[in-house]
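410 is the number that the UniProt record's numbering gives to position 410 of the sequence shown; each next residue is one higher, with no gaps.
Idealized CB from N, CA, C, for every residue including glycine.
Report on the structure given below.
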Amino acid sequence: MFVTSPINGAGAGPVRRIGVIVDTQQDLQEQDPQEIVPAWTAQEGAEGAVALFEDTFGQKADGVWASPGRVNIIGEHTDYNGGLCLPIALPHRTYVALRRRDDAEVRLVSSFDGEVLRWDGALPDVHPGGVRGWVGYTAGIAWALAGAGHQISGFDAALVSCVPTAAGLSSSAAVECAVGLALDDVNGLGLGATDAGRAALVDLAVHTENDLVGAPTGGLDQAASLRTAEGRALLLDCQDGSVRQVPFDLAAEDLELLVIDTRAKHSHATGGYGQRRATCEAAAKTLGVGTLREITDLDGALARLADDEPVRRVRHVVTEIQRVRDFVALVEAGRLLDVGPLMNASHDSLRDDYEVTCPELDVAVDAARSAGAIGARMTGGGFGGCAIALVDAEKRDDVAAAAVAAFAEHGFAAPRLYAAIPSAAGSRVN
Ligand code: GLA
Numbered sequence: 001m002f003v004t005s006p007i008n009g010a011g012a013g014p015v016r017r018i019g020v021i022v023d024t025q026q027d028l029q030e031q032d033p034q035e036i037v038p039a040w041t042a043q044e045g046a047e048g049a050v051a052l053f054e055d056t057f058g059q060k061a062d063g064v065w066a067s068p069g070r071v072n073i074i075g076e077h078t079d080y081n082g083g084l085c086l087p088i089a090l091p092h093r094t095y096v097a098l099r100r101r102d103d104a105e106v107r108l109v110s111s112f113d114g115e116v117l118r119w120d121g122a123l124p125d126v127h128p129g130g131v132r133g134w135v136g137y138t139a140g141i142a143w144a145l146a147g148a149g150h151q152i153s154g155f156d157a158a159l160v161s162c163v164p165t166a167a168g169l170s171s172s173a174a175v176e177c178a179v180g181l182a183l184d185d186v187n188g189l190g191l192g193a194t195d196a197g198r199a200a201l202v203d204l205a206v207h208t209e210n211d212l213v214g215a216p217t218g219g220l221d222q223a224a225s226l227r228t229a230e231g232r233a234l235l236l237d238c239q240d241g242s243v244r245q246v247p248f249d250l251a252a253e254d255l256e257l258l259v260i261d262t263r264a265k266h267s268h269a270t271g272g273y274g275q276r277r278a279t280c281e282a283a284a285k286t287l288g289v290g291t292l293r294e295i296t297d298l299d300g301a302l303a304r305l306a307d308d309e310p311v312r313r314v315r316h317v318v319t320e321i322q323r324v325r326d327f328v329a330l331v332e333a334g335r336l337l338d339v340g341p342l343m344n345a346s347h348d349s350l351r352d353d354y355e356v357t358c359p360e361l362d363v364a365v366d367a368a369r370s371a372g373a374i375g376a377r378m379t380g381g382g383f384g385g386c387a388i389a390l391v392d393a394e395k396r397d398d399v400a401a402a403a404v405a406a407f408a409e410h411g412f413a414a415p416r417l418y419a420a421i422p423s424a425a426g427s428r429v430n
């Protein structure tokens, strides 16, 4: 799968670059842009994490835990508005080999994006302002668990991942949740064993992301990583945290969900995402509701908002929540083939009213639709990242080829392609 080659004279500083990874799958993808990049098997991921752990720390890990990235089928920018979302877990996972320590030290090594990075510190160093980036996501969950009153020991951990990073597929949630499950297990907390415990871990991962890393995200990604089930989509109600497992058997209908990674830049910690959230919260205040979910009379609400911008943002959120209800009703009535117009309407609303798409996402979606996709839309936070296309299995290659050709025509870098197969939530794998 990959080989590590060490770097001599690694740079100084709290995070040290200690090697590079040669990813053979990635090389393959560079050669053929229409190839679907496969996820690692659990065995490949576990072996990769164990090898990195043993190479780095010279000891055996207590175990290996893994947690997935996600695509959201529909229900975008609704989570922080108390709305509904419908994610599935991807087969692409972050794997962590971890060993509990008897002291408060924390030693981390990761191999994301081809770089092997090392961080050594201790639990007291892990606080807002003390750690950043991948260390924040990794060690931050220990900070959040301890802050919630759990007894947490120091630990050594090695992370590897086949969740594409900065692609809007929740690679950071996969890290938080994999490490959260590992720390839960080795400290004997028992949270991972029940859905209620997992919901608590979700909240702690969101707390880490919001208050330690500084990304003002909602709970969609972490719930998708910890509360989904194989072959199911997760109907997540962000008002009360309840979930419903919705059968989502694409293969039974000869359907596939193609993920088109535009590879356009995407960042949540700054910029547009936070502005959208702030606009929604201000609009809720103006309308005298706790969240936009509580709006029952959309036209009346829009009439009370003076400015064009909040009108369009609120219209997206309220209509998107209704699209999730309609989508689930169709799926539960066995009418998966009829969901296309809802996916298309979701994208158009995100493009025109919420303004979080970008040229690459719009080109990917238009190309997929023109090549015969049942429906296509952006997924995740937007401003880059991925589009998804629901396709007849036999049309998958045509749709993929159309997206690749459209990108070449527009002078964009070739997209990367993945298959979204509804997979299981995070768990111990070894
Ligand atoms: C990102 C955030 C989620 C959610 C989506 C948009 O993925 O992390 O909380 O808001 O964007 O639906």
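- Closest by C-alpha distance to Val-318, out of Leu-117, Ala-284 and Gly-180, is Ala-284.
- In this structure Thr-56 is buried. Its beta-carbon is surrounded by 16 or more other beta-carbon atoms within 10 angstroms.
- With a cut-off of 8 Å, the C-beta of Glu-76 is classified as near ligand 1, since at least one heavy atom of the ligand falls inside that distance.
- Closest in C-alpha terms to Val-50, from the list Arg-118, Thr-41, Ala-61 and Ala-42, comes Ala-61.
- Judged by their CB atoms, Gly-192 and Ser-427 are nearer to each other than the 9 Å cut-off.
- In this structure, the C-beta of Cys-162 stays at least 8 Å away from each heavy atom of ligand 1.
- When C-beta atoms of the segment 191-206 are compared with those of the segment 138-155, three or more pairs fall below 8 Å, so the two segments count as touching.
- Taking Gly-82 as the centre and dropping the five residues before and after it, the same chain places the C-beta of Cys-238, Gln-239, Thr-291 and Arg-293 closer than 6 Å to its C-beta, in chain order.
- Contact between the segment 33-50 and the segment 121-133 is not established, with fewer than three Cβ pairs separated by less than 8 Å.
- The Cβ atoms of Leu-235 and Leu-86 lie closer than 9 Å to each other.
- With a threshold of 16 other beta carbon atoms within 10 Å, His-410 falls short and is exposed.
- Contact annotation: Thr-279 and Glu-320 have beta-carbon atoms that are not nearer than 9 Å.
- Note that the C-beta distance between Gly-63 and Asp-156 is not below 9 Å.
- Among the bridge pairs identified by DSSP, Asp-237 is matched with Leu-84.
- Taking 8 Å as the cut-off, one finds at least one heavy atom of ligand 1 near enough to the beta carbon of Ala-215.
- The residue from Pro-422, Arg-396 and Gly-274 with its alpha-carbon nearest to that of Pro-247 is Pro-422.
- The nearest non-hydrogen atom of ligand 1 is 8 Å or more from the C-beta of Ala-264.
- Scanning the segment 181-254 for uninterrupted beta strand (DSSP E) segments of 3 residues or longer gives 232-237 and 243-247, listed from N- to C-terminal end.
- Asp-79 has its CB nearer than 8 Å to a heavy atom of ligand 1.
- Between ligand 1 and Asp-221, a heavy atom-to-CB distance of less than 8 Å is present.
- Bounds of any beta strand (DSSP E) do not take in Asn-344; it lies within the alpha helix (DSSP H) bounded by 340-352.
- With distances taken between CA atoms, Pro-415 lies nearest to Pro-359 out of Ser-370, Val-391, Pro-359 and Glu-394.
- The alpha carbon of Asp-254 has as its nearest neighbour, out of Arg-99, Ala-373, Gly-190 and His-77, the alpha carbon of Ala-373.
- Here Arg-335 is exposed: its Cβ has fewer than 16 other Cβ atoms, across all protein chains shown, within 10 Å.
- Remark: the C-beta of Asn-72 is in contact range of ligand 1, defined as less than 8 Å to any heavy atom.
- The criterion of a C-beta distance shorter than 9 Å is satisfied by Val-179 and Tyr-137.
- Of the residues assessed, Gln-222 falls on the buried side of the cut-off, its CB having 16 or more other CB atoms within 10 angstroms.
- For Val-356, the three-state secondary structure derived from DSSP is coil.
- A contact between stretches requires three or more CB pairs, one per stretch, nearer than 8 Å, and the segment 145-162 meets this requirement with the segment 103-112.
- Contact between Thr-94 and Val-163 holds, with the beta-carbon distance rounding to 6 Å and staying under 8 Å.
- Between ligand 1 and Tyr-137, a heavy atom-to-CB distance of less than 8 Å is absent.
- In this structure, Val-175 is the residue among Val-175, Arg-369 and Gly-149 with its C-alpha nearest to the C-alpha of His-92.
- Contact annotation: Asp-353 and Arg-315 have beta-carbon atoms nearer than 9 Å.
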